[in-house]
Each structure stands twice: as structure tokens, then as C-alpha cells.
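Residue numbers (the numbering used here), protein chains in the order written: chain U, 70 to 255; chain L, 114 to 430. Everything on this sheet refers to the single structure shown next.
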């Protein structure tokens, strides 16, 4: 008797399991039918990509000795902009006046002159091999006529100068450089 | 290559297409079912532009991809979205916030967009009543995130178009200060922060852009002809389209042509330069100007508000 009850229970469990699996599998069957009737859907979106491929690097700096990096130097900062070719761009830079130590107990002057930026409207993203565009412009006031190159790319090269004092605390200094980019035709 | 998550909804799994009618266009990496996916495809667009080479170039850098470049929100749906992708091989810290800035021009016809975050008094500003979700995130390499926008405009908002700028700010998620390689030396670390400012437009009611030419001129400057076109809108929405110019000789033979994308929110002056190329051209020259809301490839046709077309012929001075 107990055996037959056990067998009945086992059968019930088996049936329930099969029904359970079937119910789980059902959407898959439906999905398979959906796939058979499916269509490919795609629409292209315009993109805007602003990226920094290299930071402005001064390397080792010594107390009392200022150091400049030109925008055509391999150590220049590099921003690249990718988007629709020949689009008009508005670019603004927020540049620091000082760099600070991690603890904030000392700071070092950093400056950017009116010729410290170059905007290359070709696909070139190497500061040492400038293509065409706006060379040696003011990073505080980037040319309003700036446009993306026909290849949908532009690059901004940035130089600068640090001026450590004679009693500048040795160590690492940090600061933020912000580039804001907007299309001016949308 | 772009992450396929960008091409399809993140929550969906790819399934093989079988028995698809041959007349249906198949795009590699993008397959959908009518019934299961349509519900998920909340926006109108699921595919981003395939900028393969540039994306490959970005892998070693820092920054994010933002698409689309204009967000449209209607008074019916009141929601919009953008996709932010990290195509680099480093985590990116991303912040989304709002600002305000319209294209404005100087007397030379140079166009700029100045952003302001506070004290915005423009009656068409949507600043303050559009929210973004999420506003802060860390995007892992090759991952993407949909940022949704929800508009809660004032109840008595008049019909018209209202504007704001969505600013997507990104920087390296991992930063470390370089140690000096010489004793007593000073090292520097400049954090390169990128901000992409795209336009957000909230539209209420039936809108028809109307543009008017207020002043035009064409003058020879060395080996080019400089064309100045001053415009203003006569409607409660922006005029977005193209401005095309053709430089012609006395017998209507084309010397050169150019066109620019145009977005006039109230008033704008654009300057275009047409090169005087060598050839058998007879004077006097003249310029044909054409302005239309068609011809834009960066904005889907259904989001372009059809407006009036304008044309004008100018004698070159």
C-alpha cells in the first residue's frame, strides 16, 4: 500500500515536473515562432565622442626651474573629437591656475599662453605631425570657426608651462583640464 | 568595434534568425522579433553609427560616446533617452547634468555655444524641469548605459519648444599620481576631463518653424567670396536645417558651392566662404542662397520640423 502511494506520488511529481518544464519551455516555442516572423530593425544615430588620448605631461620638474611643453611636442595633451564630418563645433577649455599636492598643502602655478593650443581638423591625432586647422591658438578662447574635418574627426593639442618656486615641496601635483564640446548646428 | 550591447537592448538575448523572408534586410549583430523586442525598443533608435576606426583609436584613451546628438521630448510622452558608451579599455566615471546654451553669432558670423548653469532667464529654457536617470555612473570598459530623461513641465506651459543642454562629463575612473623618478623632483598629473553638451528639445503643441532672411551680402575677399547671411525665426520653435550657397558666373556656370548645418533659435548670422577657383568664368559673379529644413543626416526625418524654404540671389560686390 505504502509502495503504491509512493509510486503514485512519484508519478505526480514526474507529471508536475514535465508540466513545469513544458510551461517554462512554452515561451521558447513562442519565441521560436517570433524569430521565424522576425525582421531586422535598425536606425542609425549620430554620435559625438570626446576623448583624451594623452594627458599633458611635464615629466620631472625641479624647484625654481620652469618647464614648458609646446602643443607640437610629443608630451602635449591630446583631445580627440569624433562625429559628423564638417560639423561646426564649439569648444571651451577650463584650465587650472594651480596644481596641488594630494594633501593640498602646497600648490604650483601652471599657465597657458595664447598660443598653447592647436586644433587639427584632419584625422591626425599626433601633435608632432600637425595637419591642417587652427595652429597655435588661445586655449582660453578657441576659434569660433572650428569645424570637424571631412573625416568626422578633429584633435586638440594642448601645451602649457609649470612654474615651480625655489621652495616648492617635492612630490606629485595634480590639476583638472576640462574640455567642453557642443555642435553649433543642432 | 562597438559593443553589441549598444546595438540591441541590454536585457535581450540574441537569437538566431531562421526562416526570415528574404526580402527583409538583415544586419549582422542586430536581429529582432516583432513581438518580443518591439516592446523593449522604447525609443526610435537602437543602432548607433558605426565609427569603427575612431572607436579603435579610442581604446587606449579616456572618454565616452554619446548618442544621439539631439534629444527630442514631446508633451505626450515626456520621456527621452541617450546612450552613453565607454569604448575605451579603462573604467570611466560619468556624470550627467543640465545646462543652457543656444548657438549665437558675432558680427563676423562665427557661431558659438556658451553654456550657463545658473541665472538662466530665457523663457524657453527647460532647465529645472527635466531630470536625468541615472546622473552618476562608472562605466566599465566596453559597457554602455542608457540615460533616461523625464520632463515635468509647469502646468500652464504655453505651446512651443523648450531647450536645455545635456552635459555628459567623463573622466578616468582610476587615477594615480606619478612618483618622481629623481629625489627632490616634482611630478605632475593633469586629469583630462571631457564634457559633451548635446541639445535637448521639449516640444508642446503643433510647431512650424518659420525663418526670415534679414540681411545678406556677398563680397570678394582675396581668392574667395565671403557670404554673410543674417536670419531670424518668426515662430515659437527653432529652425533646424541646412544653408547652401552656390557661387555662379554671369552665364550661371558654378564656380564653387558649400553648405552648413543650420540651427536658428532666434537670430543668427552665418558666414560662408566660397573659393574663387580657376576656370573660364565670366564676371559679374553672383551667389545663390538656399535654406531648407531638409538635408540633415544627423537628425531622423521624423524629428525634423518641416519649415519654410528660402532662396535668394545676390550680386557679388
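Virtual Cβ for every residue (Gly too), placed ideally from N, Cα, C.
Measuring only between beta-carbons, confirm whether residue i sits less than 8 angstroms from chain L.
i: residue 208 of chain U; result: no
i: residue 121 of chain U; result: yes
i: residue 191 of chain U; result: no
i: residue 168 of chain U; result: yes
i: residue 199 of chain U; result: no
i: residue 237 of chain U; result: yes
i: residue 231 of chain U; result: yes
i: residue 245 of chain U; result: yes
i: residue 218 of chain U; result: no
i: residue 226 of chain U; result: no
i: residue 146 of chain U; result: yes
i: residue 143 of chain U; result: no
i: residue 214 of chain U; result: yes
Specify, as a first and last residue, the run of the beta strand (DSSP E) that residue i falls within.
i: residue 282 of chain L; result: 273-285
i: residue 197 of chain L; result: 192-198
i: residue 238 of chain L; result: Where residue 238 of chain L is concerned, there is no enclosing beta strand (DSSP E), given that its DSSP letter is neither H nor E.
i: residue 184 of chain L; result: 183-187
i: residue 262 of chain L; result: 257-264
i: residue 205 of chain U; result: 202-206
i: residue 402 of chain L; result: 399-405
i: residue 119 of chain U; result: 117-123
i: residue 304 of chain L; result: 299-317
i: residue 136 of chain U; result: 136-138
i: residue 208 of chain L; result: 205-212
i: residue 426 of chain L; result: 423-428
i: residue 222 of chain U; result: 222-227
Can you tell me which of the three DSSP states residue i falls into?
i: residue 236 of chain U; result: coil
i: residue 414 of chain L; result: helix
i: residue 291 of chain L; result: coil
i: residue 197 of chain U; result: helix
i: residue 92 of chain U; result: Reliability fails at residue 92 of chain U, whose pLDDT of 41 lies under 50, so the model's placement of it is uncertain and the value that follows must be treated cautiously. Of the three classes helix, strand and coil, the one that applies to residue 92 of chain U here is helix, per DSSP.
i: residue 173 of chain U; result: coil
i: residue 161 of chain U; result: strand
i: residue 359 of chain L; result: strand
i: residue 248 of chain L; result: coil
i: residue 376 of chain L; result: strand
i: residue 226 of chain L; result: strand
i: residue 338 of chain L; result: strand
i: residue 296 of chain L; result: coil
i: residue 179 of chain L; result: strand
i: residue 383 of chain L; result: strand
i: residue 179 of chain U; result: strand
i: residue 345 of chain L; result: strand
What does residue i touch in chain U if you count any residue whose Cβ is under 8 angstroms from its own?
i: residue 300 of chain L; result: 127, 128, 129, 130, 240, 241, 242
i: residue 228 of chain L; result: 161, 249, 251
i: residue 320 of chain L; result: Per Cβ cutoff of 8 angstroms: no residues; residue 320 of chain L is ~16 angstroms from chain U at best.
Does at least one heavy atom of the ligand GTP sit under 7 angstroms from the Cβ of residue i?
i: residue 274 of chain L; result: This structure does not include the ligand GTP; it has no bound ligands of any sort.
Just the chain L side, please: which residues come within less than 7 angstroms of residue i by C-beta, in chain order?
i: residue 196 of chain U; result: Those do not exist, as residue 196 of chain U stays about 14 angstroms from chain L at its closest Cβ, beyond 7 angstroms.
i: residue 178 of chain U; result: None at all; the shortest Cβ gap to chain L is about 12 angstroms.
i: residue 171 of chain U; result: 290
In chain U, which residues lie with their C-beta within 7 angstroms of the C-beta of residue i?
i: residue 291 of chain L; result: 241
i: residue 216 of chain L; result: 253
i: residue 181 of chain L; result: 114, 115
i: residue 295 of chain L; result: 129
i: residue 175 of chain L; result: 120, 121
i: residue 178 of chain L; result: 116, 118
Just the chain U side, please: which residues come within less than 9 angstroms of residue i by C-beta, in chain order?
i: residue 404 of chain L; result: Simply none; closest approach about 13 angstroms.
i: residue 278 of chain L; result: 251
i: residue 385 of chain L; result: Those within 9 angstroms of residue 385 of chain L in chain U number zero; the least Cβ separation is about 11 angstroms.
Can you name the residues of chain L whose CB is closer than 8 angstroms to the CB of residue i?
i: residue 157 of chain U; result: 224, 373, 374
i: residue 248 of chain U; result: 305, 306, 307, 308
i: residue 223 of chain U; result: By Cβ distance, chain L contributes nothing, its closest Cβ being about 11 angstroms from residue 223 of chain U, past 8 angstroms.
i: residue 124 of chain U; result: 302, 303, 304, 305
For chain U, check one thing: does any of its Cβ atoms lie closer than 8 angstroms to the Cβ of residue i?
i: residue 311 of chain L; result: yes
i: residue 219 of chain L; result: yes
i: residue 428 of chain L; result: no
Note down, in chain order, every chain L residue with its Cβ under 9 angstroms from the Cβ of residue i.
i: residue 153 of chain U; result: 162, 182, 374, 410, 411
Using a cut-off of 9 angstroms between C-beta atoms, extract the partners of residue i located in chain B.
i: residue 353 of chain L; result: Although the question refers to chain B, the structure presented lacks it and instead comprises the protein chains U and L.
- Message: I'd like to know if the segment 329-338 of chain L and the segment 346-354 of chain L are in contact, where contact means that at least 3 CB-CB pairs between them fall below 8 angstroms.
- Response: no
Between the segment 147-154 of chain U and the segment 218-234 of chain U, are three or more C-beta pairs nearer than 8 angstroms?
-> yes
At a cut of 8 angstroms, does the segment 396-409 of chain L reach the segment 293-305 of chain L through at least three beta carbon pairs? no
Taking contact to mean at least 3 C-beta pairs separated by less than 8 angstroms, is the segment 205-214 of chain L in contact with the segment 135-154 of chain U? no
Worksheet item: Taking three-plus beta-carbon pairs below 8 angstroms as touching, is the segment 243-254 of chain U in contact with the segment 308-315 of chain L?
Response: yes
Margin query: Taking contact to mean 3 or more Cβ pairs, one atom from each stretch, closer than 8 angstroms, check whether the segment 227-241 of chain U and the segment 170-186 of chain U are in contact.
Written below: yes
- Query: Do the segment 122-133 of chain U and the segment 198-213 of chain U touch if we need at least three Cβ pairs shorter than 8 angstroms?
  - Reply: no
Practice prompt. Inspect the CB distances between the segment 285-302 of chain L and the segment 192-210 of chain L and report whether three or more fall short of 8 angstroms.
Written response: yes
For the segment 317-326 of chain L and the segment 234-251 of chain L, state whether three or more C-beta atom pairs, one from each stretch, are separated by less than 8 angstroms. no
Original post:
Does the count of Cβ pairs from the segment 191-200 of chain L and the segment 256-263 of chain L closer than 8 angstroms reach three?
Top reply: yes
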